[in-house]
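Student: Residue numbers (the UniProt record's numbering): 1 to 226. Ideal Cβ positions, reconstructed from N, Cα and C, are used throughout, including at glycine. Since the structure is predicted, the reported quantities are computational estimates derived from the model, not experimental observations.
Pasting the structure below:
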């Protein structure tokens with residue numbers, strides 16, 4: 001029954017001896033997180049995860065994705081030092097680069113749980129690395145982002161306060177995103193973010209007002225109301 005939930009290309013890989021080795025290697029490394037009590041242990045384990053994934057470059061389908069994404073999310077906890085966050089982002093970058101756009105469109109729901117809450121709490125050296133990940137790998141997913149778009153906004157707008165670090169870069173990211181997704185849906189998700197989280201409200205409302213064109217009628221801009 002479990003096998004039926006797997007993508008067909010992954011089921012076929014289960015007959016490949018190298019892929020079975022990949023599963024075993026990753027399982028072993030992920031198990032070590034259970035015994036990590038210090039943040040230095042986490043960095044050691046993250047290095048091992050990255051190495052394990054890079055050791056099997058021919059496979060675009062990474063096994064144990066649920067456990068993997070859970071461990072990566074735990075390593076992005078705001079209480080952990082920026083060194084752990086940076087090493088975790090290296091692992092995400094390795095995964096995204098190796099699995100390609102099609103598989104990331106399928107799996108982004110898993111990986112977004114850890115990534116999206118990070119930006120507002122991230123230390124200064126972490127922010128450009130995370131934004132680079134968003135610009136390079138997340139933006140091109142286009143409408144595959146629809147199911148998680150509100151969550152993405154909840155991770156962007158609280159970091160968009162005027163004068164904040166990387167304000168212009170985050171703003172450009174949001175504008176770029178609006179050109180890739182249905183505008184009605186885009187603004188509906190912004191209003192959802194406004195409704196859900198107080199820390200997103202001011203910058204999200206300002207963003208909407210900045211996109212209202214006084215030269216056009218309201219009827220031509222109804223999408224702004226979501």
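Determine the burial state of residue 20: buried for a count of at least 16 other Cβ atoms within 10 Å of its Cβ, exposed for fewer.
Tutor: For the purposes of this step, residue 20 is taken as the residue at position 20 of the chain shown. It is exposed - the Cβ of residue 20 has fewer than 16 other Cβ atoms within 10 Å.
Student: Using a Cβ-Cβ cut-off of 6 Å (strictly less than) and excluding sequence neighbours within five positions of residue 110, which residues of its own chain qualify?
Tutor: Position 110 of the chain shown, counting from 1, holds the residue named residue 110. Around residue 110: 65 and 69.
Student: Is it buried or exposed, residue 35, if we count other Cβ atoms within 10 angstroms and call 16 or more buried?
Tutor: Within the chain shown, residue 35 is the residue found at index 35, counting from 1. Exposed, because fewer than 16 other Cβ atoms sit within 10 Å of the Cβ of residue 35.
Student: Please classify residue 161: does DSSP put it in a helix, a strand, or coil?
Tutor: In the chain shown, counting from the first residue as 1, residue 161 sits at position 161. Looking at residue 161 - three-state DSSP - the assignment turns out to be coil, as it is neither helix nor strand.
Student: For the pair the region 179-196 and the region 143-153, tell me if three or more CB-CB distances fall below 8 Å.
Tutor: As far as the Cβ criterion goes, the region 179-196 touches the region 143-153, which means the pair count is three or higher.
Student: Is DSSP giving residue 166 helix, strand or coil here?
Tutor: To locate residue 166, count along the chain shown from 1; it is residue 166. Correct three-state label for residue 166: coil.
Student: Just to confirm, are residue 133 and residue 76 a CB contact at a threshold of 8 Å?
Tutor: The residue given as residue 133 occupies position 133 in the chain shown. The residue given as residue 76 occupies position 76 in the chain shown. Contact flag unset, no.
Student: Of the choices 46, 57 and 61, whose alpha-carbon is the least far from that of residue 74?
Tutor: Here residue 74 corresponds to residue number 74 of the chain shown, with the count starting at 1. Comparing Cα positions, the closest option is 46.
Student: For residue 142, count neighbouring Cβ atoms within 10 angstroms of its own Cβ and tell me buried if that reaches 16, exposed if not.
Tutor: Counting from one through the chain shown, the residue named residue 142 turns up at place 142. Answer is exposed; the Cβ neighbour count stays below 16.
Student: Identify, in the order they occur along the chain, each residue of the same chain with its Cβ nearer than 6 Å to the Cβ of residue 113, setting aside the five sequence neighbours on each side.
Tutor: Taking the first residue of the chain shown as 1, we reach residue 113 at position 113. Cβ within range, chain order: 73.
Student: Tell me which same chain residues have a C-beta within less than 6 Å of the C-beta of residue 67, skipping the five on either side of it?
Tutor: Translated into the one-based positions of the chain shown, residue 67 becomes position 67. 30.
Student: Thinking just about the alpha-carbon of each residue, which of 104, 205, 160 and 126 is nearest to the one in residue 247?
Tutor: Past the edges of the chain, shown from 1 to 226, lies residue 247, and the structure says nothing about it.
Student: From which residue to which residue does the alpha helix (DSSP H) around residue 185 run?
Tutor: Your numbering for residue 185 matches position 185 in the chain shown. It spans 183-196 - the alpha helix (DSSP H) in which residue 185 sits, taken as one unbroken run.
Student: In terms of alpha-carbon separation, which member of 162, 182 and 136 lies closest to residue 207?
Tutor: Your numbering for residue 207 matches position 207 in the chain shown. The candidate whose alpha carbon is nearest that of residue 207 is 162.
Student: Would you check if the distance between the CB atom of residue 160 and the CB atom of residue 167 is smaller than 8 Å?
Tutor: Within the chain shown, the letter at position 160 stands for residue 160. Within the chain shown, the letter at position 167 stands for residue 167. Contact flag set, yes.
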